[in-house]
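A quick write-up on the structure given underneath.
Chains as they are written, first to last, in our numbering: chain X, 1 to 264; chain D, 265 to 522.
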């Protein structure tokens with residue numbers, strides 16, 4: 001068998017690849033989800049590695065057009081990792097197995113950091129600015145997520161530089177990081193409840209003719225109704241398998257009924 | 265107030281660009297807080313864009329496309345909340361409830377397109393077998409612009425063409441019905457928060473939920489940044505602790521040589 005000649009990728013290549021990886025979810029479909037974007041992110045660099053050897057480019061592309069569904073920043077990490085393995089001439093079957101073994105755990109990690117932590121915190125900060133009528137709200141939000149978006153560049157380099165070492169690193173740290181992000185996210189959600197869920201009875205809603213219902217709750221613990229409400233919704237979602245659309249409809253219907261009777 | 269043809273086309277442009285970002289989830293300009301802001305600029309009422317953005321962003325906070333699930337469309341919801349508040353003069357909270365049918369329409373269209381796009385994989389396989397990088401790029405671009413165009417058309421039709429029936433309908437609502445939608449708008453952020461908790465809340469971090477809640481209830485502050493910073497500190501400590509414990513669990517071998 002002839003040995004295949006391989007060109008080296010530069011640092012600039014990896015940076016450009018990481019920026020290109022933004023296309024991950026274009027062409028998203030239910031059959032193979034992010035396959036097209038994932039493959040296309042690396043395709044120009046397969047071409048760079050193999051030059052005019054179209055057969056090898058085709059083989060590398062075909063090896064990466066399988067089903068994949070992961071978190072987008074983590075996909076860039078995986079792209080960097082695969083390029084380093086491809087460049088080193090690793091067995092394609094091995095590359096495929098590494099990819100299939102990692103995209104799941106990486107998705108959990110990425111979701112915990114970017115979607116369940118960064119997103120709620122940025123939204124909370126921006127919404128409070130919006131409510132003061134300041135256009136800083138949307139601007140701050142865009143700036144935060146601009147940095148979130150370009151954070152895939154260091155992640156791409158990390159994947160490329162770690163190569164096969166990445167596998168151990170992920171196994172050792174994924175659980176701890178996911179757990180830590182959970183603490184951060186949950187505490188921020190706790191803080192968001194009193195500010196953003198507005199659940200109170202009007203002063204006109206009284207019992208025994210004189211005692212306002214809202215006053216009773218406020219004396220015990222202010223904002224206990226919003227807290228109880230969110231925990232109740234959480235119970236319905238988690239234990240009763242109620243989905244978001246049913247909840248939204250339910251809330252609208254109950255609100256209108258309560259409004260009709262003047263209770264809220 | 266009425267939406268002009270030019271405004272309708274500009275809103276469609278917001279939807280088009282927003283949809284490209286929504287597919288990629290890169291800059292998050294498809295989130296309600298941003299599209300409402302730009303819709304507000306298009307309609308000449310920035311304050312309305314800010315208030316509707318605040319309301320819609322929170323309601324759609326936990327409604328994320330995690331693991332390929334498709335929630336009611338936050339892009340469509342954001343634009344339509346602003347549009348309905350503008351045309352029929354109801355509050356942003358009430359407009360949010362009224363925008364739900366459009367968000368659901370966006371959700372269904374998205375699911376249909378992602379199903380149809382499965383047919384593209386056959387072409388993608390052929391392209392890969394040829395090693396044709398440029399062709400794969402063209403296929404992806406075509407797929408992306410197709411989805412974006414559909415969003416733009418949906419917004420143009422919903423915001424411009426059928427604005428009058430919507431306005432007439434809303435103007436005939438009795439006061440208790442409009443108030444009911446406003447009450448719902450105040451409660452809906454709870455759904456987003458509960459959905460976030462579904463994924464994050466564990467027995468070992470439930471205490472932090474109450475710590476965050478109590479601080480926010482009793483300490484007056486402009487936004488939650490101080491709490492986020494406290495949470496980062498606690499997170500850092502708990503991360504170190506859990507790493508220590510992991511090291512201990514596997515036999516107490518410590519890199520520090522202690």
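Think of the CB as a built atom: it goes at the ideal place given N, C-alpha and C, for glycine as much as any other residue. Note that this is a predicted model, so its numbers are computed, not measured.
Just to confirm my understanding: we take residue 30/X, look at its own chain, exclude 5 residues before and 5 after, and list those with CB closer than 7 Å. What are they?
none
Compare the beta carbon distance of residue 419/D and residue 276/D with 8 Å and say whether it is the shorter of the two.
yes
Using a Cβ-Cβ distance under 8 Å, would residue 1/X count as near chain D?
With a pLDDT of only 45 at residue 1/X, under the threshold of 50, the placement of this residue in the model should not be trusted, and no figure is reported.
Can you tell which of 481/D, 364/D and 388/D has its C-alpha closest to the C-alpha of residue 344/D?
364/D
When you compare only the Cα positions, how much space is there between residue 50/X and residue 4/X?
8 Å
Which value, in whole angstroms, describes the spacing of the CA atoms of residue 466/D and residue 186/X?
9 Å
Contact set for residue 520/D: own chain, Cβ-Cβ below 8 Å, skip 5 residues either direction
Low confidence applies to residue 520/D: its pLDDT is 49, below 50, so where it sits in the model is not reliable enough to give any reading.
Using a Cβ cut-off of 7 Å, which residues of the segment 470 to 499 of chain D contact any Cβ in chain X, in chain order?
472, 473, 474, 475, 476, 477, 479, 480, 481, 486, 487, 488, 489, 491, 492, 495, 496, 498 and 499
Residue 469/D and residue 128/X closer than 8 Å at C-beta
no
Less than 6 Å between C-beta atoms, sequence neighbours within five positions excluded: which residues of the same chain meet that for residue 18/X?
76, 152, 153 and 156
Below 8 Å between beta carbons: does that hold for residue 282/D and residue 293/D?
yes
Apart from the five residues on each side of it in sequence, which residues of its chain come closer than 7 Å, Cβ to Cβ, to residue 1/X?
Note on residue 1/X: pLDDT 45, under 50, position unreliable in the model; the coordinate value appears next. Correct list: empty, nothing qualifies.
Count the CB pairs spanning the segment 354 to 363 of chain D and the segment 4 to 16 of chain X that are closer than 8 Å, and state whether there are at least three.
no
Express the C-alpha separation of residue 490/D and residue 390/D in angstroms, rounding to a whole number.
54 Å
Is there a C-beta anywhere in chain D that falls below 8 Å from the one on residue 31/X?
yes
Within 8 Å (strictly less), CB to CB, does residue 516/D reach chain X?
Low confidence applies here, because residue 516/D scores a pLDDT of 45, under 50, leaving its location unreliable; read the following figure in that light. With 8 Å as the cut-off, residue 516/D does not count as an interface residue toward chain X.
Return helix, strand or coil for residue 33/X, following the three-state DSSP convention.
strand
So is residue 268/D in contact with chain X if we call contact Cβ pairs under 8 Å?
no
Residues of the segment 70 to 99 of chain X with Cβ closer than 8 Å to any Cβ of chain D, in chain order:
72
Counting only beta-carbon separations shorter than 8 Å, does residue 453/D have a partner in chain X?
yes
Within-8 Å CB hit, residue 394/D to chain X:
yes
Which partner residues does residue 212/X have in the DSSP bridge list?
206/X
Cβ-Cβ separation, residue 59/X to residue 92/X (assumed contact under 8 Å), whole Å:
7 Å
Helix, strand or coil: which one does DSSP assign to residue 493/D?
helix
Give a yes or no on whether 8 Å exceeds the smallest Cβ distance from residue 7/X to chain D.
no
C-alpha distance - residue 87/X paired with residue 108/X, whole-angstrom precision:
28 Å
Inter-residue Cα distance where the pair is residue 296/D and residue 53/X
47 Å
Top-ranked residue by Cα proximity to residue 226/X, from 407/D, 499/D, 402/D and 480/D:
480/D
Using the beta-carbon of each residue, which ones in chain X are nearer than 7 Å to residue 353/D?
Neighbours of residue 353/D on chain X: none; closest Cβ ~18 Å, over 7 Å.
Hey, residue 342/D and residue 458/D are a contact pair by Cβ (cut 8 Å); roughly how many whole angstroms apart?
Contact doesn't hold; Cβ gap of about 20 Å is too wide.
Cross-strand partners of residue 68/X (DSSP beta bridge):
33/X
CB contact flag (residue 167/X, residue 125/X, <8 Å)
no
Would residue 240/X pass as an interface residue toward chain D - the criterion being a Cβ-Cβ separation below 8 Å?
no
Between the C-alpha atoms of residue 111/X and residue 270/D, what's the straight-line distance to the nearest angstrom?
39 Å
Along the chain, which unbroken stretches of the alpha helix (DSSP H) at least 4 residues long are found entirely within the segment 438 to 488 of chain D?
439 to 451, 453 to 464 and 470 to 482
Cutoff 8 Å: residue 195/X Cβ touching any chain D Cβ:
yes
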